[in-house]
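> Residue numbers (UniProt numbering): 1 to 132.
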């Protein structure tokens, strides 16, 4: 962990565990090598040694970078699984589509206009008060 930087690691240990001196306690026989290893491994991620000789990122930045990488992978997967369409399929559209004018004209020429005229005439007579 402290390859080539033992003094920096010792300074970080003293800063984190002050007023204790974990390396001095190890050499005096008050703590075991396993206990010293545990103290080193579980130092806070923002200690002086990690800031000086680490990658320069804290845990939040690593998690954010991992999430961005996962989202990029998901986006690539979705793009590779989705076929590209040159023209949209009109049958798949869910929106109501207006009928072309030619179709509307043929539907209105049926017997419905006669019924509509009769209904309209009776409603106009009632509205104006002219009942014959």
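Just so it is clear, CB atoms sit at the ideal spot from N, CA and C, and this is done for glycine as well.
Within the present structure, is the beta-carbon of residue 126 separated from the nearest heavy atom of the ligand SAH by less than 7 Å?
With respect to the ligand SAH, the structure shown offers nothing to examine, as it has no ligands at all.
> Tell me whether residue 116 sits in a helix, a strand or coil according to DSSP, three-state version.
Reduced to three states, the DSSP call for residue 116 is helix.
> Any contact between the segment 14-22 and the segment 37-50? By contact I mean 3 or more CB pairs, one from each, below 8 Å.
Yes, the segment 14-22 touches the segment 37-50.
> Nearest to residue 60 by alpha carbon, out of 74, 79, 102, 45?
Cα-wise, what sits closest to residue 60 is 45.
> Whose C-beta lies closer than 7 Å to the C-beta of residue 52 among residues of the same chain, with five residues either side of it excluded?
Closer than 7 Å at the Cβ level, and outside the excluded window around residue 52, lie 8.
> With the cut-off set at 8 Å, would you say residue 48 and residue 11 are in Cβ contact?
Yes, Cβ-Cβ distance for residue 48 and residue 11 is below 8 Å.
> Using only the alpha-carbon positions, how far apart do residue 57 and residue 63 sit?
Going from the Cα of residue 57 to the Cα of residue 63 covers about 10 Å.
> For residue 22, does the count of other Cβ atoms within 10 angstroms reach 16, so buried, or fall short, so exposed?
Classification of residue 22: buried, given that the 10 Å Cβ count is 16 or more.
> Ignore the nearest five residues each way along the sequence and tell me which others in residue 26's own chain have a CB closer than 6 Å to its CB.
36, listed in sequence order.
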